[in-house]
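>
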Amino acid sequence: MRFFNSLVALLTASLAGVALAAPTSLKSIEKFDGETTGKYIVKFKAGVSRRKWVNKLKATPSAEWDIINGIAADVDDDELTELRASGDVESIAEDGIVHIWATQTNAPWGLQRISQAGRLSSTNTAGLNYNFTYDDTAGAGVDIYILVTHSQFGGRARWGTSFVGGTTDGHGHGTHVAGTAAGSQFGVAKRANIVSVQVLNSSGSGSTSGIISGLNWVLTQARASGRPSVASLSLGGSASTSLDNAVASLTAGGVHVVVAAGNSNANAASYSPARAPSAITVGSSTIADARSSFSNYGAVVDVFAPGSNVISSWIGSNTATNSISGTSMATPHVAGLAAYLLSKEGSVSPAVLEARIKTLSTKNALTGIPSGTVNNLIRLT
Numbered sequence: 456m457r458f459f460n461s462l463v464a465l466l467t468a469s470l471a472g473v474a475l476a477a478p479t480s481l482k483s484i485e486k487f488d489g490e491t492t493g494k495y496i497v498k499f500k501a502g503v504s505r506r507k508w509v510n511k512l513k514a515t516p517s518a519e520w521d522i523i524n525g526i527a528a529d530v531d532d533d534e535l536t537e538l539r540a541s542g543d544v545e546s547i548a549e550d551g552i553v554h555i556w557a558t559q560t561n562a563p564w565g566l567q568r569i570s571q572a573g574r575l576s577s578t579n580t581a582g583l584n585y586n587f588t589y590d591d592t593a594g595a596g597v598d599i600y601i602l603v604t605h606s607q608f609g610g611r612a613r614w615g616t617s618f619v620g621g622t623t624d625g626h627g628h629g630t631h632v633a634g635t636a637a638g639s640q641f642g643v644a645k646r647a648n649i650v651s652v653q654v655l656n657s658s659g660s661g662s663t664s665g666i667i668s669g670l671n672w673v674l675t676q677a678r679a680s681g682r683p684s685v686a687s688l689s690l691g692g693s694a695s696t697s698l699d700n701a702v703a704s705l706t707a708g709g710v711h712v713v714v715a716a717g718n719s720n721a722n723a724a725s726y727s728p729a730r731a732p733s734a735i736t737v738g739s740s741t742i743a744d745a746r747s748s749f750s751n752y753g754a755v756v757d758v759f760a761p762g763s764n765v766i767s768s769w770i771g772s773n774t775a776t777n778s779i780s781g782t783s784m785a786t787p788h789v790a791g792l793a794a795y796l797l798s799k800e801g802s803v804s805p806a807v808l809e810a811r812i813k814t815l816s817t818k819n820a821l822t823g824i825p826s827g828t829v830n831n832l833i834r835l836t
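Numbered continuously in the working numbering, the sequence shown closes out at residue 836.
1. What is the DSSP secondary structure of Asp699, counted as helix, strand or coil?
2. What residue range does the beta strand (DSSP E) around Val509 cover?
3. Run through the DSSP bridge pairs and tell me what Thr836 is partnered with.
4. Going by alpha carbons, who is nearest to Ser684 out of Val755, Val597 and Val789?
5. Would you kindly check if the distance between the Cβ of Val765 and the Cβ of Ser778 is under 8 Å?
6. For Thr786, is the classification buried or exposed, using 16 other Cβ atoms within 10 angstroms of its Cβ as the cut-off for buried?
7. Rounding to the nearest angstrom, what Cα-Cα distance links Leu566 and Asp757 in this structure?
8. Inspect the beta-carbon positions of Asp531 and Thr492 and report whether they are closer than 8 Å.
9. Which of the three DSSP states is assigned to Lys498 in this structure?
10. Could you name the residues of the same chain whose beta carbon sits closer than 8 Å to that of Gln559, not counting the 5 residues immediately before and after it, in chain order?
11. Taking C-beta to C-beta, are Ala633 and Ile601 nearer than 8 Å?
12. By how many angstroms is the C-alpha of Gly627 removed from the C-alpha of Asn700?
13. Which term fits Arg505, buried or exposed, when burial requires 16 or more other beta carbons within 10 angstroms of its beta carbon?
14. Could you name each continuous beta strand (DSSP E) segment of 3 residues or more that falls completely within the region 657-708, going from the start of the chain to the end?
15. Are the Cβ atoms of Ile522 and Ala794 separated by less than 8 Å?
16. Any idea what DSSP makes of Gly827, helix, strand or coil?
17. Starting from the Cα of Gly762, find the closest Cα among Pro516, Ser733, Ser658 and Ala715 and give me that residue.
18. Rounded to whole angstroms, what is the Cα-Cα separation between Asp624 and Leu481?
19. Give the list of continuous alpha helix (DSSP H) stretches no shorter than 4 residues that lie fully inside the region 779-814.
20. Quick check on the DSSP output: the beta strand (DSSP E) that includes Leu519 runs from which residue to which?
21. Between Asp529 and Ala548, how many whole angstroms is the CB-CB distance? I'm expecting something under 8 Å.
22. Counting only runs that start and end within the region 703-750, where is the beta strand (DSSP E) found for 3 or more residues in a row?
23. Which same chain residues, not among the five before or five after Thr592, have their C-beta less than 6 Å away from its C-beta?
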């Protein structure tokens, strides 16, 4: 009888354990709102060796990063389920295709606007007769990571790397952005170095994983050089935690990251890298001191800068120019300002520099700013 009672107790305890054991929960997959590469971006927890998973997967990952301790990989359903169930994994996201923030329209007025508190007396965006007063340090000794080749840079530009198999700017967007950041005529930081990092193809698109690879490369280069470094990201797409994490790691590594708010006339909190908390997120303004009609807005926007009908360098020849609009055009004004201040005032952390840029900005100068969005127009001094 004693043996029977013990057996019943044992079975009861075993059955209770089965009944109470919860099924293994699967991590959700962050969906990308738009076209994807079909791959997944997997971020492993701190301290987890991703090499274990790299060796385990059937296909070799297309990218592997220190910056977020993660990989981009084409996995089958069984592998995806295993990753979702693993305690090694922090997050999984679809690898989406992102696009540049630019609206083609057809000098620069923006430079004079950011060097004075008051509104410009002229509304001629096509003129190249505006005044720009600046300290001659002009970003010297600072590296700005963008894509470009053009006479505007006087040997200060160098090819860095490409994650889309290119060797030149086939679109024009990168050259235009670099011209505004550091060109001799159109640029804010006229003595800064430009390092090309190509993550978008000649059609102006690229994958989230490619952009993370670009940021990973920038972090490695910045650490090796020891120089103050600014990353200018005139691009964006659907919300991506993986991309936001890469930006966070880049700023934690001391690199100053400036990103476009986006051109959808919507809340920038729905887009990456615009919503990345540690980045300086930039909205666009017009020559009449209004928010550009296309510019995104919201609490994640930190400052505004000239972005409508901006003339800068272009592809085709060493003297080519173009006038285009977008938060992509506003962003390099701020990237150039960041380099300018780092050169003039000394190297500081990304958080300190962001606060400095906000403090210097002209307050409440713009019209059309929605409630809950800052009214800060960048200013040089």
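Don't be surprised by glycine CBs; every beta carbon is placed ideally from N, CA and C.
A quick look at the data gives this:
1. Counting from one through the sequence shown, the residue named residue 699 turns up at place 244. Helix at Asp699.
2. Here residue 509 refers to the residue found at position 54 when the sequence shown is read from its first residue. Counting along the chain, Val509 falls outside any beta strand (DSSP E), though it belongs to the alpha helix (DSSP H) covering Arg505 to Lys511.
3. As a working mapping, residue 836 is identified with position 381 in the sequence shown. In the DSSP output, where bridge partners are listed per residue, Thr836 has none listed.
4. As a working mapping, residue 684 is identified with position 229 in the sequence shown. Cα-wise, what sits closest to Ser684 is Val597.
5. On the sequence shown, residue 778 is found 323 positions in, with the first residue counted as 1. On the sequence shown, residue 765 is found 310 positions in, with the first residue counted as 1. Yes, the Cβ-Cβ distance between Ser778 and Val765 is below 8 Å.
6. The residue you call residue 786 lines up with position 331 of the sequence shown. By the neighbour-count rule (16 or more Cβ atoms within 10 Å), Thr786 is buried.
7. Locating residue 566 in the sequence shown gives position 111, counting from the first residue. Locating residue 757 in the sequence shown gives position 302, counting from the first residue. Whole-angstrom Cα-Cα distance: 19 Å.
8. Residue mapping note: residue 531 aligns to position 76 of the sequence shown, counting from 1. Residue mapping note: residue 492 aligns to position 37 of the sequence shown, counting from 1. It is not a contact, given that the beta carbons lie outside the stated cut-off.
9. The count along the sequence shown starts at 1 and reaches residue 498 at position 43. Lys498 falls in the strand class under three-state DSSP.
10. The residue given as residue 559 occupies position 104 in the sequence shown. Because Gln559 sits at a pLDDT of 36, beneath the cut-off of 50, its placement in the model cannot be relied upon, and the following sentence gives the value as read from the coordinates. Contacts found: Ile779 and Ser780.
11. If you number the sequence shown from 1, residue 633 lands on position 178. If you number the sequence shown from 1, residue 601 lands on position 146. Result yes, Cβ atoms of Ala633 and Ile601 sit closer than 8 Å.
12. Translated into the one-based positions of the sequence shown, residue 700 becomes position 245. Translated into the one-based positions of the sequence shown, residue 627 becomes position 172. Their Cα atoms are separated by approximately 28 Å.
13. As a first step, residue 505 must be located in the sequence shown, where it is residue number 50. Classification of Arg505: buried, given that the 10 Å Cβ count is 16 or more.
14. 660-662, 684-688 and 690-693
15. Stepping through the sequence shown from its first residue, residue 522 is reached at position 67. Stepping through the sequence shown from its first residue, residue 794 is reached at position 339. Not a contact, by the Cβ cut-off of 8 Å.
16. Stepping through the sequence shown from its first residue, residue 827 is reached at position 372. Gly827: coil per DSSP, three-state reduction.
17. Working through the sequence shown from its first residue, we reach residue 762 at position 307. Residue Ala715 is the option with its Cα nearest to Gly762.
18. Position 169 of the sequence shown, counting from 1, holds the residue named residue 624. Position 26 of the sequence shown, counting from 1, holds the residue named residue 481. Asp624 and Leu481: Cα-Cα distance of roughly 42 Å.
19. 782-800
20. Sequence index remark: in the sequence shown, residue 519 carries index 64 (1-based). It is worth fixing the name first, because residue 519 is Glu in this sequence and not Leu. From DSSP, the beta strand (DSSP E) with Glu519 extends over Ala518 to Trp520.
21. Stepping through the sequence shown from its first residue, residue 529 is reached at position 74. Stepping through the sequence shown from its first residue, residue 548 is reached at position 93. That belief does not hold up - the Cβ atoms of Asp529 and Ala548 are roughly 14 Å apart, past 8 Å.
22. 711-715 and 735-740
23. Along the sequence shown, one-based indexing puts residue 592 at 137. The answer, listed in chain order, is Ser798 and Lys799.
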